[in-house]
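Participant: One structure follows; several queries about it will come next.
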Amino acid sequence: MNAVHVPVMLEETLALLEPEQKDSLLIDCTMGEGGHSYGFLSRYPDLKVVGLDRDSGIQKRAKERLEEFSSRTAFYHTWFDDFFSCYPSELKRPDLILFDLGISVYHYELSGRGFTFRDKEPLDMRLDTSCGESAMDIVNGYSKEDLADLIYSFGEERYSRRIAEKIVEERSKFPIKFSNQLAEIIYNSVPGEYRHGRIHPATRTFQALRIKVNSELDRLRRALENAYRVLSPGGKMGVITFHSLEDRIVKNFFKDKCRVCICPENQVRCICGGRPGGVLLNKKVIEAGAQEVKDNPPSRSAKLRGIRKIYDREAV
């Protein structure tokens, strides 16, 4: 199978999450086409990998790609937050957990679900097309105020009001059904100088819609908490983020797990033992090098953070 997605910071991730014992188990929470998993399985012959993905189409591609490692791989068709909230009893506790939060190039180029604004595709953006509201539902159904708030909150788009106003104006003439149609509306709603910046003016709005449609930030918060809970003491977790909203959540989560005292602020005396539950694997965030950014432009915004769990603070 010819993969279309190039995993970001592969060498850095392999080094950060290097297995430290035989028969270690890695949970690849966002397996996609299996790029990172392929690297881990190739380099560490005793490692077992469990891959998660809610998109059955891309999971099929991962199974084909990793077929040579079939004795050391297992696949679960599920959201990562659901997986960790009810961790399978047939699995041992993981020694390594990886979240790569970037959207796969597969979704942009092959899924046909409107993740890209270059082509005429149905405005869907759902990773699981069997349920939930689509981007088309949101664009054509939300009020101007709710659209503006969504685009600003999840896209950090400074022209969110203008974009929302233009969307509402245009949808009153005809439904907005296709990704390139929405991109053109956004392009025509922003000032001239904004149309020729480093990124396409529709980028942030499309990000906001994708986050909303797939509940990405809420799922991430739940998944981090539950994944860390089931992670084996001494185990390691790595997270690759691609925008500031994700990175802020991960950074604050890791910071909280490394706190010395977790007693309530109104607690007069420490009763938690005063031991940090985790330690950062890299105090300075890891970013892609200049050559990788040149070869694989999506890596320019990637940030890798890691944490080691010291002991169980919460019941498993």
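No gaps in the numbering here: position 91 of the sequence shown is 91 in UniProt numbering, and each next residue is one more.
Cβ atoms here follow ideal geometry from the backbone N, Cα and C, with glycine treated the same way.
Would you grab the beta carbon distance between S299 and M31 for me? Rounded to a whole angstrom, and I think it's under 8 Å.
Facilitator: With a Cβ gap of about 18 Å, S299 and M31 do not count as contacting.
Participant: Is the segment 135-150 in contact with the segment 211-220, if contact means three or more CB pairs nearer than 8 Å?
Facilitator: yes
Participant: Expressed to the nearest angstrom, what Euclidean distance is found between the alpha-carbon atoms of R54 and A227?
Facilitator: It is roughly 17 Å from the alpha-carbon of R54 to the alpha-carbon of A227.
Participant: Kindly indicate which three-state DSSP category R300 falls into: helix, strand or coil?
Facilitator: helix
Participant: Roughly how many angstroms separate the alpha carbons of F99 and E265, rounded to a whole number?
Facilitator: Looking at the two C-alpha atoms, the distance is approximately 31 Å.
Participant: Could you tell me which of V260, D218, S232, E292 sits nearest to D95, measuring between CA atoms?
Facilitator: S232
Participant: Figure out for me which residue from S85, G34, G102 has the closest Cα to the Cα of F69.
Facilitator: G34
Participant: Label V190 either buried or exposed according to how many other C-beta atoms from any shown protein chain fall within 10 Å of its C-beta, with 16 as the threshold for buried.
Facilitator: buried
Participant: Secondary structure at K48, three-state DSSP: helix, strand or coil?
Facilitator: K48 falls in the strand class under three-state DSSP.
Participant: Indicate whether K177 and L127 have their beta-carbon atoms separated by less than 8 Å.
Facilitator: no
Participant: Apart from the five residues on each side of it in sequence, which residues of its chain come closer than 6 Å, Cβ to Cβ, to D81?
Facilitator: Cβ contact annotation for D81 (same chain, cutoff 6 Å, sequence separation greater than five): R219, R222, A223, in chain order.
Participant: If you reduce the DSSP assignment to three classes, tell me which class R259 lands in.
Facilitator: coil
Participant: Inspect the CB distances between the segment 151-159 and the segment 197-210 and report whether three or more fall short of 8 Å.
Facilitator: yes
Participant: How is the alpha helix (DSSP H) around I163 delimited, first residue to last?
Facilitator: 160-171
Participant: For a quick check, are the C-beta atoms of D28 and G51 less than 8 Å apart?
Facilitator: Yes, the pair counts as a contact, with Cβ atoms nearer than the cut-off.
Participant: If I follow the unbroken alpha helix (DSSP H) through D295, where does it start and stop?
Facilitator: First-last of the alpha helix (DSSP H) with D295: 290-295.
Participant: Mind checking D23: buried by the 16 CB within 10 Å criterion, or exposed?
Facilitator: exposed
Participant: Take P7 and list the residues in its own chain whose beta-carbon comes closer than 6 Å to its own, dropping the five residues that flank it on each side.
Facilitator: G35, H36
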